[in-house]
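See structure below.
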Amino acid sequence: MGTAVGAVDNKETARSLADLNPSVVFVLGGPGSGKGTQCANIVKHFGYTHLSAGDLLRAERNSGSENGTMISNMIKEGQIVPAVVTIKLLERAMLESGNDKFLIDGFPRNEENRAAFEDVTKIVPSFVLYFDCSEEEMERRLLSRNQGREDDNVETIRKRFKVFLESTKKVLEYYNAQGKVRKIDAGRPIEEVFQSVKGIFGPKNEKAD
Ligand code: ADP
Ligand code: C5P
Ligand code: MG
């Protein structure tokens, strides 16, 4: 497989990631629950690097990679891309970031994502931030997001909701059984949601301005 400039092969990636021993928070929630919006705030206040699995997949699709057509078709249908592809992108982004604290947003989306990530990276998340929001509110937000995304249309949005209910909820149940889920009412205004987020990351970890 062709590799991008600066990319490292699999073995080397695994070795370096083990050396890095990163701290990882998974950020989950339905489409439009505000994951990306809140992650931007967390980055500013707490010094994490934000990695959105969806953003990484869209960039990979746009780069003309050999997986581009497959990724594009999956996104159009709201389906989940095979873990091997997404994990490679996440590993590369972690190593290239120069940081060791990550918000991994929109991943793991299903059991295959979760098990493969654990298997390949050996990374166990510190906790899972879960933005809980009604479908009505999420649909309203997605339809006015205006980022030109081809999956922000009613038909695909409904498919994405279904995938969230059928697949991502299982991942939340898995981590809930380990006491790792921090659930936040994400149906409120952005600032109010962030106040709750701050309570979870803790005032002692906040960066000085
Ligand atoms: P996600 O990454 O979970 O899909 P985004 O952060 O992209 O969600 O948010 C989806 C849309 O909703 C964006 O246009 C964003 O500006 C808006 N948004 C995010 N959080 C809120 C909120 N708490 N209240 C109202 N609108 C919001
Ligand atoms: O998180 P975001 O809304 O940006 O994801 C957009 C799409 O990217 C998803 O609907 C899915 O098709 C794809 N995706 C994926 N695997 C992930 C995250 C996103 O296949 N872990
Ligand atoms: Mg997002």
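If you want the numbering used here, it's the 1-based position in the sequence shown plus 624. Note that CB positions come from ideal geometry on N, CA and C, so glycine has one too.
Is Phe662 near the ligand C5P - that is, is its Cβ less than 7 Å away from at least one heavy atom of it?
Contrary to the premise, residue 662 reads as Gln rather than Phe in this sequence. No, Cβ of Gln662 sits at least 7 Å from all heavy atoms of the ligand C5P.
For Asp756, which three-state DSSP category applies?
strand
Is any heavy atom of the ligand ADP found at a distance shorter than 7 Å from the C-beta of Leu766?
yes
Let me know the secondary structure DSSP gives Tyr728 once reduced to three states.
Looking at the sequence provided, one finds Ile at residue 728 rather than Tyr. It is a strand residue.
When we look at the beta-carbon of Asn777 and count the other beta-carbons within 10 Å, is it buried (16 or more) or exposed?
exposed
Determine the closest residue to Ala707 out of Ser758, Asn686, Thr745, with distance taken between C-alpha atoms.
Thr745
Given a threshold of 16 other Cβ atoms within 10 Å of its Cβ, counted over all protein chains shown, does Arg782 qualify as buried or as exposed?
exposed
Using only the heavy atoms of the ligand C5P, determine whether one of them is closer than 7 Å to the beta carbon of Pro655.
yes
For the ligand ADP, I want to know if Lys659 counts as a neighbour, meaning its beta carbon is within less than 7 Å of at least one of the ligand's heavy atoms.
yes
Which two residues bound the contiguous beta strand (DSSP E) that contains Phe650?
647-653
Within 7 Å: the Cβ of Asp729 and any heavy atom of the ligand MG?
yes
Cβ neighbour criterion (16 or more within 10 Å) applied to Thr627
Any answer about Thr627 is weak, because its pLDDT of 44 lies below 50 and its placement is not dependable; what the coordinates show is given next. With fewer than 16 Cβ atoms within 10 Å of its Cβ, Thr627 is classed as exposed.
Determine the DSSP secondary structure at Val805, reduced to helix, strand or coil.
strand
Residues bridged to Ser676 by DSSP?
Asp729
Less than 8 Å between the C-beta atoms of Val651 and Asp729, yes or no?
yes
Between which two residues does the alpha helix (DSSP H) holding Asn691 run?
Element bounds for Asn691: n/a, residue is neither H nor E.
When the Cα of Asp809 is compared with those of Glu701, Ser640, Ser791, Gly654, which residue comes out closest?
Gly654
Starting from the C-beta of Ala631, find all residues in its chain whose C-beta is less than 8 Å away, skip the five residues before and the five after it, and write them out in chain order.
Residue placement at Ala631 is poorly supported in this model, since its pLDDT is 47, which falls under 50; the coordinates are not used for a value here.
Is the CB-CB distance between Gln819 and Phe755 below 8 Å?
no
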